[in-house]
Amino acid sequence: MSTPERDKYVDWLRALSLIVVVVWHWAFTILQWKPSGPEPTSPLGFTSGLWILTWLLQVLPLFFYVGGHVHLLSWHRAKARGTGIGAFVWRRIRALALPALLLSGAWVAIGAVVTAVLHIDWMWRVVLLVLSPLWFLGVYLVLIALLPVALWLHRRYDVLALIWLGGASLVVDVVRFRYGIEWAGWLNMIIIWGLAHQAGFFYDRVVILPRRYDMGLLWTGLFALFGLVYSGIYPGSMVGVPGDKWSNMAPPTFVIVALLLFQIGLVEVLRPAMERVLERPRWRRANDFINRYALPLFLFHTTGMAIALGLSWWLFGNLGTKIPPDLKWWLERPIAILGPLICTLPVIYLFGRRRTAPVPQKQDEGIDGSVGSDHG
Numbered sequence: 001m002s003t004p005e006r007d008k009y010v011d012w013l014r015a016l017s018l019i020v021v022v023v024w025h026w027a028f029t030i031l032q033w034k035p036s037g038p039e040p041t042s043p044l045g046f047t048s049g050l051w052i053l054t055w056l057l058q059v060l061p062l063f064f065y066v067g068g069h070v071h072l073l074s075w076h077r078a079k080a081r082g083t084g085i086g087a088f089v090w091r092r093i094r095a096l097a098l099p100a101l102l103l104s105g106a107w108v109a110i111g112a113v114v115t116a117v118l119h120i121d122w123m124w125r126v127v128l129l130v131l132s133p134l135w136f137l138g139v140y141l142v143l144i145a146l147l148p149v150a151l152w153l154h155r156r157y158d159v160l161a162l163i164w165l166g167g168a169s170l171v172v173d174v175v176r177f178r179y180g181i182e183w184a185g186w187l188n189m190i191i192i193w194g195l196a197h198q199a200g201f202f203y204d205r206v207v208i209l210p211r212r213y214d215m216g217l218l219w220t221g222l223f224a225l226f227g228l229v230y231s232g233i234y235p236g237s238m239v240g241v242p243g244d245k246w247s248n249m250a251p252p253t254f255v256i257v258a259l260l261l262f263q264i265g266l267v268e269v270l271r272p273a274m275e276r277v278l279e280r281p282r283w284r285r286a287n288d289f290i291n292r293y294a295l296p297l298f299l300f301h302t303t304g305m306a307i308a309l310g311l312s313w314w315l316f317g318n319l320g321t322k323i324p325p326d327l328k329w330w331l332e333r334p335i336a337i338l339g340p341l342i343c344t345l346p347v348i349y350l351f352g353r354r355r356t357a358p359v360p361q362k363q364d365e366g367i368d369g370s371v372g373s374d375h376g
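Under full-length UniProt numbering, residues 1 to 376 are what the sequence shown spells out, in order.
Here it is in structure tokens:
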């Protein structure tokens, strides 16, 4: 039986989602040094109107959407080979959790040693900042564990499952904002990201829709974003901004559902052009290369960033960050990623090589890259 051709566009979207997160952290994280240690802030808090860019650059809804599609495809292949759902889920969890746990353990050990030997009280703050971007991997692991439930909902209720999850997320926001029950908002960490993941089960159906439906999704999401943001209830930024009363991300709000619709419509509108581009040899090689290193880059990018900032502090005595950022700071953004990138590459070489096997011919691996375990 012939091997089905990979969906290069799925590869591109998955890798692009991780790369955008990495570049955002490297280029747009501002550290303020206080007596308690480093405290991150964002240029979004100092530049009026810049939040609109987060509607394109906050790509986690798209990442979970693509992840849902890949997991469904992977499960169908594993099931055809006789793999049970329990074994399938465990392999996925193990492949993703192990490197994250090893990285976390290494930084906890570093924090303990530095605190004990050098008596640097704010070292634990550094450890927290380095590991904090891994939060979404924790959510992703929960969604993998809940995959049997998600598959049952998909088989039993189809698109109604999406509508119910969307309604549940809206109810959570009402309870949170109308009645002031803040802790209820954290339920949306599973409901909203679970909705995005569940939406990925409909990927194949979305792809074959006529182009007018793609435009319909795009405009529905865009109008919903404008309506929700300008209602005065939700902030305009899709990431946390210092000074905002609430964040649309921590925990996520119903605005992220609108963002998901907008981004699904956008990537489908762009699909024909991007598929032609990705057929070009150079783009194909770049796509394969990025996918090969996307996960190790994400796992270790804050480690490389910490090394780069530490070297800058040691060599120059400060981190050179002005608050609020001036024109020079903005002009330096394209080169601001060079230091973290240079410092991340050796870490990937030393600790991430096992995860950089050539891209396989079957597209049934998720972010965990657990192809070997599923292909037996």
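Idealized CB from N, CA, C, for every residue including glycine.
As the structure is a prediction and not an experimental result, all values here were calculated from the model.
Spatial distance of residue i from residue j (CA atoms)
{"i": "Val269", "j": "Met189", "result": "28 Å"}
{"i": "Thr29", "j": "Arg333", "result": "10 Å"}
{"i": "residue 380", "j": "Met249", "result": "With the chain represented from 1 up to 376, any question about residue 380 goes unanswered, as that position is not in the structure."}
{"i": "Val126", "j": "Val347", "result": "18 Å"}
{"i": "Phe201", "j": "Glu182", "result": "31 Å"}
{"i": "Leu217", "j": "Lys245", "result": "29 Å"}
{"i": "Val206", "j": "Met123", "result": "47 Å"}
{"i": "Trp164", "j": "Gly67", "result": "20 Å"}
{"i": "Val114", "j": "Trp107", "result": "10 Å"}
{"i": "Gly138", "j": "Arg280", "result": "36 Å"}
{"i": "Val255", "j": "Gly166", "result": "10 Å"}
{"i": "Leu131", "j": "Leu299", "result": "9 Å"}
{"i": "Lys8", "j": "Val20", "result": "18 Å"}
{"i": "His76", "j": "Leu331", "result": "48 Å"}
{"i": "Asp121", "j": "Tyr213", "result": "55 Å"}
{"i": "Ala161", "j": "Trp51", "result": "31 Å"}
{"i": "Arg191", "j": "Arg292", "result": "Residue 191 is actually Ile in this sequence, not Arg. The alpha-carbon atoms of Ile191 and Arg292 are separated by roughly 30 Å."}
{"i": "Gly82", "j": "Ala27", "result": "46 Å"}
{"i": "Ile335", "j": "Pro251", "result": "32 Å"}
{"i": "Arg155", "j": "Leu195", "result": "15 Å"}
{"i": "Leu103", "j": "Gly111", "result": "12 Å"}
{"i": "Ser237", "j": "Ala80", "result": "43 Å"}
{"i": "Arg211", "j": "Gly185", "result": "36 Å"}
{"i": "Leu209", "j": "Leu261", "result": "15 Å"}
{"i": "Gly180", "j": "Leu311", "result": "45 Å"}
{"i": "Val159", "j": "Leu53", "result": "30 Å"}
Assigned exposure category for residue i - 16 Cβ within 10 Å defines buried
{"i": "Phe223", "result": "exposed"}
{"i": "Arg41", "result": "The question names Arg, yet the displayed sequence has Thr at residue 41. So Thr41 ends up on the buried side."}
{"i": "Ser48", "result": "exposed"}
{"i": "Ile307", "result": "buried"}
{"i": "Phe226", "result": "exposed"}
{"i": "Pro242", "result": "exposed"}
{"i": "Val267", "result": "buried"}
{"i": "Met1", "result": "Confidence is the limiting factor: at Met1 the pLDDT is only 42, short of 50, which leaves the residue's position unreliable and the question unanswerable from this model."}
{"i": "Asp15", "result": "Strictly speaking, residue 15 in this sequence is Ala, with Asp absent from that position. Buried, by the Cβ-count rule."}
{"i": "Trp135", "result": "exposed"}
{"i": "Ser17", "result": "buried"}
{"i": "Tyr157", "result": "exposed"}
{"i": "Arg91", "result": "buried"}
{"i": "Arg176", "result": "buried"}
{"i": "Trp219", "result": "exposed"}
{"i": "Leu327", "result": "exposed"}
{"i": "Gly84", "result": "exposed"}
{"i": "Gln32", "result": "exposed"}
{"i": "Leu60", "result": "buried"}
Assumed close pair residue i, residue j - CB separation to whole angstroms, cut-off 8 Å
{"i": "Leu278", "j": "Asn287", "result": "6 Å"}
{"i": "Trp24", "j": "Leu62", "result": "With a Cβ gap of about 14 Å, Trp24 and Leu62 do not count as contacting."}
{"i": "Tyr203", "j": "His119", "result": "Going by Cβ atoms, the distance from Tyr203 to His119 rounds to 53 Å, so no, they are not a contact pair."}
{"i": "residue 390", "j": "Tyr65", "result": "Outside the displayed span of the chain (1 to 376) sits residue 390, for which this structure offers no information."}
{"i": "Val257", "j": "Ser169", "result": "6 Å"}
{"i": "residue 406", "j": "Trp12", "result": "The structure shown does not extend to residue 406, since the chain is modelled only from 1 through 376, so no value can be given for it."}
{"i": "Ile344", "j": "Leu309", "result": "Residue identity differs from the one stated: residue 344 is Thr in this sequence, not Ile. Not quite, the Cβ-Cβ distance comes to about 12 Å (not below 8 Å), so this is no contact."}
{"i": "Pro324", "j": "Phe46", "result": "4 Å"}
{"i": "Leu129", "j": "Pro38", "result": "6 Å"}
{"i": "residue 383", "j": "Phe88", "result": "Outside the shown range of the chain (1 to 376) lies residue 383, about which nothing can therefore be said."}
Residue interval of the alpha helix (DSSP H) (run including residue i)
{"i": "Pro340", "result": "Leu338 to Phe351"}
{"i": "Gly79", "result": "Going by the sequence as given, residue 79 is Lys instead of Gly. Unbroken alpha helix (DSSP H) run through Lys79: Leu60 to Ala80."}
{"i": "Tyr157", "result": "Leu147 to Tyr157"}
{"i": "Thr115", "result": "Ile85 to Leu118"}
{"i": "Pro252", "result": "No alpha helix (DSSP H) holds Pro252; DSSP gives it neither H nor E."}
{"i": "Gly45", "result": "Premise fails: Gly45 is in no alpha helix (DSSP H) and is neither H nor E."}
{"i": "Ala184", "result": "Careful: Ala184 lies outside any alpha helix (DSSP H) and carries neither H nor E."}
{"i": "Trp51", "result": "Element bounds for Trp51: n/a, residue is neither H nor E."}
{"i": "Asp204", "result": "Tyr203 to Val207"}
{"i": "Leu131", "result": "Met123 to Leu131"}
{"i": "Leu327", "result": "Leu327 to Leu331"}
Start-to-end residues for the beta strand (DSSP E) that takes in residue i
{"i": "Leu31", "result": "Ile30 to Lys34"}
{"i": "Gly227", "result": "Here Gly227 belongs to no beta strand (DSSP E); instead the alpha helix (DSSP H) covers Arg211 to Val229."}
{"i": "Gly37", "result": "Gly37 to Thr41"}
If we count Cβ pairs, one from each stretch, closer than 8 Å, do we get three or more for the stretch 294-303 versus the stretch 339-351? yes
Counting Cβ pairs closer than 8 Å, one from the stretch 132-145 and one from the stretch 328-343, do we hit at least three? no
Decide yes or no for the touch test of the stretch 222-238 against the stretch 91-107: beta carbon pairs closer than 8 Å, at least 3 of them. no
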